[in-house]
Amino acid sequence: ALRYHGHQFRTYNPDIGDGRGFLFAQLRDDQGRLLDLGTKGSGQTPYSRFGDGRLTLKGGVREILATEMLEALGVYTSKTFSLIETGEALYRNDEPSPTRSAVLVRLSHSHVRFGVFQRLAYERNAEAASALIDYCVRQFDRDLDNLPTPEKTAHFFERVVRRTARLAAQWMAAGFVHGVLNTDNMNVTGESFDYGPWRFAPVADPAFTAAYFDETGLYSYARQPEAAAWNLSRLGGCLTSLADTDALNEGLAAFSPAYEDAMGDAIFRRLGLKRAGEDDMGLVAALFEWLAETRAPFEQVFFDWFCGSASQARAQKSPISTRYAEPSFARVKGLILAAEPERPERLSQAYFARREPTTMLIDEVEAIWAPIAESDDWSKLNAKIEDIRQMREAFGFDASTFRLPAA
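This is the structure in structure tokens:
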């Protein structure tokens with residue numbers, strides 16, 4: 146179990162750590178990289194404070210659904226390796242109790258959170274921070290290994306910045322709201338990590354939040370890139386004993402251009418279109434402006450216009466086809482039709498014969514959980530996983546999404 150610190154809703158907390166899980170094994174992938182196997186819900190640790198260290202079965206089911214859905218939409222995420230029911234009864238204030246318990250095993254590239262570096266900086270332990278940088282570089286950015294510590298640290302930080310920017314863009318393109326983007330819930334490999342009250346936004350509402358306790362909207366849908374950048378600035382501040390401040394600031398400045406470029410990549414891939422250049426961002430901006438103004442169903446729009454001009458006839462048969470005939474959509478439509486489709490043969494897959502896409506809205510999550518809770522019926526969950534994987538195949542996202550992204 147790892148000890149770390151963190152800014153939780155921008156308030157510093159030096160008294161946290163892995164309170165209900167631990168890293169228990171590592172394995173090497175076909176590239177020789179170490180992957181972590183970590184538990185969630187396996188009981189109390191030295192950092193549990195007043196918690197019981199357990200995970201509700203419903204929480205485990207929710208994490209399965211989140212990781213499967215994000216991977217299908219091309220978002221870099223940890224994976225749910227297994228979910229094991231324990232047979233214990235748990236009592237929670239925020240859901241009907243007693244409720245069932247489980248242990249989830251997570252597969253990820255890293256459990257090194259921003260908060261680990263925050264703890265070492267708080268303790269003024271530059272030697273341990275340097276050793277942790279060395280470890281991370283050996284595992285995730287080997288080409289930096291021979292650099293002197295200041296340059297190594299600065300370059301590693303910039304890679305973390307770029308990976309995190311890419312992740313934030315992928316969340317936005319998927320309509321995903323993490324819910325609790327504290328510094329201790331982000332890791333150096335830029336993976337979706339430590340799922341809590343996540344939700345997928347039904348529409349592109351900038352103020353949409355996932356956590357009922359996020360009363361100010363700090364981690365709302367539209368503010369996620371801002372939250373990621375703020376967290377990175379806290380991480381950079383922890384590395385000033387190892388690297389030049391100007392070099393760290395230069396690395397942090399890479400966030401905005403990296404985010405914009407990644408946003409273009411993510412949206413064009415979601416639309417099944419080839420990128421042509423800097424003008425691509427005009428489509429991204431116009432599409433999101435239209436989505437926010439009209440509150441059109443988020444996932445339906447990407448489904449209807451996948452592969453652009455090759456889907457024009459499909460879009461005319463959509464349940465929301467009347468929206469596409471409105472003058473407000475004309476500019477977006479023109480930009481979509483002007484872009485070249487990427488592998489339009491994908492449209493021959495059975496998934497695109499449907500009128501509506503696979504979604505993961507909160508009511509659907511509850512409908513999947515209800516038969517499990519009431520009669521131990523897992524058929525809806527299994528069917529949903531199969532449906533999501535059909536979507537993943539149709540969109541062209543395969544197991545290669547679970548790779549540490551190149552910087």
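At the far end of the sequence shown sits residue 552, using our numbering, and the numbering has no gaps.
The beta-carbon is built from N, C-alpha and C at its ideal position, and this holds for glycine as well.
Per the C-alpha coordinates, the member of Phe-338, Phe-154, His-150 positioned closest to Thr-361 is Phe-154. Within its own chain, the residues whose Cβ lies closer than 6 Å to the Cβ of Val-348, once the five positions on either side in sequence are excluded, are Arg-440, Phe-443, listed in chain order.
DSSP, read as helix, strand or coil, puts Thr-156 in strand.
Inside the segment 429–503, DSSP marks whole alpha helix (DSSP H) runs of 4 or more residues at positions 443–449, 457–461, 466–469, 475–483, from first to last along the chain. The DSSP-derived three-state label of Leu-549 is coil.
A residue is called buried once 16 or more other Cβ atoms fall within 10 Å of its Cβ, and Gly-427, having fewer, is exposed. Taking the C-beta atoms as reference points, Lys-203 is found no nearer than 8 Å to Glu-233.
A contact between stretches requires three or more CB pairs, one per stretch, nearer than 8 Å, and the segment 236–252 fails this requirement with the segment 364–374. Remark: C-beta atoms of Ile-513 and Leu-526 approach each other more closely than 8 Å. Rounded to the nearest whole angstrom, the C-alpha separation of Ala-403 and Arg-548 is 19 Å. The three-state reading of DSSP puts Thr-190 in coil, since its state is none of H, G, I, E or B. Looking at the DSSP output, Glu-230 shares a beta bridge with Ala-247.
By the 16-neighbour rule on beta-carbons within 10 angstroms, Pro-472 is exposed. Within 10 angstroms of the beta-carbon of Gly-260 lie 16 or more other beta-carbons, which makes it buried. Pairing Asp-532 with Thr-504, the inter-Cα distance amounts to about 10 Å. Between Leu-215 and Asn-394, the alpha-carbon positions lie close to 31 Å from each other. For Phe-169, no alpha helix (DSSP H) segment is defined; the enclosing uninterrupted segment is the beta strand (DSSP E) at 168–173. Unbroken alpha helix (DSSP H) runs of no fewer than 4 residues, entirely contained in the segment 262–348, are found at 271–285, 294–319, following chain order. Between the segment 447–465 and the segment 383–397, the count of C-beta pairs closer than 8 Å stays below three; the two stretches do not touch. Put simply, the segment 308–316 touches the segment 372–380. At least three CB pairs are less than 8 Å apart.
With contacts defined as CB atoms closer than 8 Å, Gly-320 and Pro-342 fail to qualify as a contacting pair.
For Ile-161, DSSP records a beta bridge to Tyr-149.
The beta-carbon distance between Ile-517 and Leu-416, rounded to whole angstroms, is 35 Å. This is too long to meet the 8 Å contact definition. Excluding the 5 residues flanking it on each side, Val-477 has same chain C-beta neighbours closer than 6 Å at Ala-431, Leu-432, Trp-435, in chain order. Ser-386 sits in coil when the DSSP states are folded into three classes, being neither helix nor strand. Minimum Cα-Cα distance from Ser-466 among the listed residues Glu-501, Leu-492, Ala-437, Ala-483 corresponds to Glu-501. Pairing Ser-386 with Ala-274 gives a Cβ-Cβ distance under 8 Å.
Using a 10 angstroms sphere on the CB of Thr-222, the tally of other CB atoms reaches 16 or more, which defines it as buried. Per DSSP, Gly-204 lies in no beta strand (DSSP E) segment; the continuous alpha helix (DSSP H) that holds it begins and ends at 202–217. The DSSP assignment places complete alpha helix (DSSP H) segments of no fewer than 4 residues inside the segment 376–428 at 390–397, 400–415, in order along the chain. Ala-388 and Ser-337 have their C-alpha atoms some 27 Å from each other. It is roughly 16 Å from the alpha-carbon of Cys-281 to the alpha-carbon of Leu-172. In this structure, Leu-289 is the residue among Ile-209, Glu-303, Leu-289 with its C-alpha nearest to the C-alpha of Lys-297. Setting aside the 5 residues that flank it on each side, Glu-485 is surrounded in the same chain by Lys-419, each with a C-beta closer than 6 Å to its C-beta; the list follows chain order. Comparing alpha-carbon positions, the option among Glu-538, Asp-181, Ile-209 lying closest to Gln-284 turns out to be Asp-181.
Listed in chain order, the non-local C-beta contacts of Leu-492 below 8 Å within the same chain comprise Phe-451, Cys-452, Ala-455, Ser-456, Arg-459, local neighbours out to five positions each way being set aside.
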